[in-house]
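Reading through the C-alpha cells given below for one structure.
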Amino acid sequence: MKDILQDIIANKRIEVARQEEAISLQTLVSMGSTRLDLPTRSMRAALAASEAGIIAEFKRKSPSKGWLHPEANVREVLPAYELAGASACSVLTDSLFFGGSLGDLATARKVVDLPLLRKDFIINSYQLYQARVMGADAVLLIAACLTPAECLSLAETAHSLQLEVLLEVHSQQELDHLNPHVDMVGVNNRNLGSFHTDVENSFRLAELLPKEVLKVSESGIANPQLIARLRKVGYRGFLIGETFMKEADPGLTLTHFKEAIPC
C-alpha cells in the first residue's frame with residue numbers, strides 16, 4: 158500500500174516554504190506581537206483534571222475517509238464541543254488532506270476558552286510561531302515525521318513560545334523521540350502510512366510509556382466503553398474526531414458519547 162505520509166510531508170515542505178516566502182518570520186512575529194504576550198492555557202492540566210479527558214477534534218475530511226463534514230463551521234462546532242464538556246479541542250490546519258486552515262485555528266480562539274491543539278504535520282519552527290500567533294496552546298509533533306534531534310529542537314522552541322507539546326508515537330521504536338520538553342505522549346492507533354486503525358495499539362504501548370508523562374490515546378475511539386478501559390491502563394486524554402465530525406451535530410454526538418462512558 159502506498160505510504161500516504163510521504164505525500165503529505167512532501168506537500169507540507171512546499172506549503173511551508175511558500176508561506177514563509179509570503180510572510181517572513183520577522184513579519185509574522187511583528188503581526189502577532191499582541192497574541193505572543195498573552196498567556197496560554199494548559200492542555201495537560203485540563204486533561205489531568207477531567208474525568209472524561211476528551212480532546213474533541215475539528216476536521217472536515219481525512220485522506221482515508223474523504224470528506225466527513227465539508228460544510229462544518231468552527232463558529233458552530235467548537236462552542237458546541239465546549240458546551241458538551243470537551244476538555245480541549247484539536248483543530249486541523251492542513252488544507253489539502255484535511256480541509257482545514259490556520260483561519261480555523263484563529264476563529265477557534267475567538268469562540269471558545271478551552272485549550273487548543275494545533276494539529277498538523279509540523280516540520281519547521283516557523284509553524285510553531287504560526288500556531289502561537291493564531292491562538293494555539295499546544296502543538297502536535299509526530300515522531301514519524303521527524304528525527305529525534307528535530308523533535309528535540311522543535312519541542313524546545315515550542316516551550317520557548319509557551320506552547321505545550323503532544324508527541325505522537327505509533328510504535329515502540331518511536332519512543333526514542335521522547336525528550337524533557339514533551340508534556341504529553343499520544344499513541345496513535347492509526348498508522349500514518351497505511352491509515353490502518355487498531356485501537357489495541359494503545360494497550361500494547363501503555364506499559365512502555367514513562368509513568369510521569371500524561372498519556373493520550375488517538376484515533377479509532379468510537380466506543381464510550383473503550384474510554385473506561387483505556388483509563389484503567391493509565392490514559393487521561395482521548396483525541397476523537399471522526400466519531401463526532403461524521404455526524405450532522407458533532408456537539409450533540411459528544412454529549413451522548415460522554416453520557417455513555419461507564420463511571
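For the sequence shown, the numbering used here gives the first residue as 158, with consecutive numbering after it.
Just so you know, even glycine gets a beta-carbon here, dropped at the ideal spot from N, CA and C.
Just so it is clear, the structure is predicted and the values come from calculations on it, not from any experiment.
Identified DSSP bridge partners for residue i
i: residue 322; result: 296
i: residue 347; result: 354
i: residue 215; result: 248
i: residue 395; result: 211 and 374
i: residue 342; result: 324 and 372
i: residue 223; result: 219
8 Å contact criterion, which residue i and residue j should meet: CB distance rounded
i: residue 109; j: residue 322; result: Within the shown structure, residues of the chain are numbered from 158 to 420, placing residue 109 beyond reach of any answer.
i: residue 255; j: residue 222; result: Not confirmed; about 11 Å, so no contact.
i: residue 336; j: residue 309; result: 5 Å
i: residue 400; j: residue 384; result: Not really, about 11 Å apart at Cβ, beyond 8 Å.
i: residue 348; j: residue 253; result: So it is not a contact: roughly 20 Å between Cβ atoms.
i: residue 371; j: residue 398; result: That pair is no contact at about 19 Å.
i: residue 465; j: residue 404; result: As displayed, the chain neither begins before 158 nor continues past 420, which places residue 465 out of reach and without an answer.
i: residue 338; j: residue 303; result: Their Cβ separation, rounded to whole angstroms, is 13 Å, which puts residue 338 and residue 303 out of contact at 8 Å.
i: residue 359; j: residue 314; result: Actually they are not in contact, since the Cβ atoms of residue 359 and residue 314 sit about 28 Å apart, beyond 8 Å.
Whether residue i touches residue j by CB criterion (8 Å)
i: residue 262; j: residue 245; result: no
i: residue 301; j: residue 331; result: yes
i: residue 268; j: residue 236; result: yes
i: residue 320; j: residue 342; result: no
i: residue 273; j: residue 279; result: no
i: residue 234; j: residue 408; result: yes
i: residue 212; j: residue 247; result: yes
i: residue 265; j: residue 415; result: no
i: residue 275; j: residue 192; result: no
i: residue 387; j: residue 376; result: no
i: residue 329; j: residue 298; result: no
i: residue 381; j: residue 418; result: yes
i: residue 161; j: residue 220; result: yes
i: residue 402; j: residue 239; result: no
Residue i: first and last residue of the uninterrupted beta strand (DSSP E) it sits in
i: residue 332; result: Here residue 332 belongs to no beta strand (DSSP E), and DSSP marks it neither H nor E.
i: residue 276; result: 273 to 276
Residue i: CB within 7 Å of a non-hydrogen atom of the ligand ATP
i: residue 315; result: With respect to the ligand ATP, the structure shown offers nothing to examine, as it has no ligands at all.
Range covered by the alpha helix (DSSP H) that runs through residue i
i: residue 192; result: 190 to 193
i: residue 267; result: 259 to 268
i: residue 415; result: 407 to 416
i: residue 164; result: 161 to 179
i: residue 384; result: 381 to 389
i: residue 198; result: Neither: residue 198 is in no alpha helix (DSSP H) and is coded neither H nor E.
i: residue 420; result: No alpha helix (DSSP H) holds residue 420; DSSP gives it neither H nor E.
i: residue 314; result: 305 to 317
i: residue 285; result: 282 to 290
i: residue 239; result: 231 to 241
Spell out a yes or no on whether the stretch 223 to 231 and the stretch 196 to 205 are touching, meaning 3 or more CB-CB pairs, one atom from each, closer than 8 Å.
-> no
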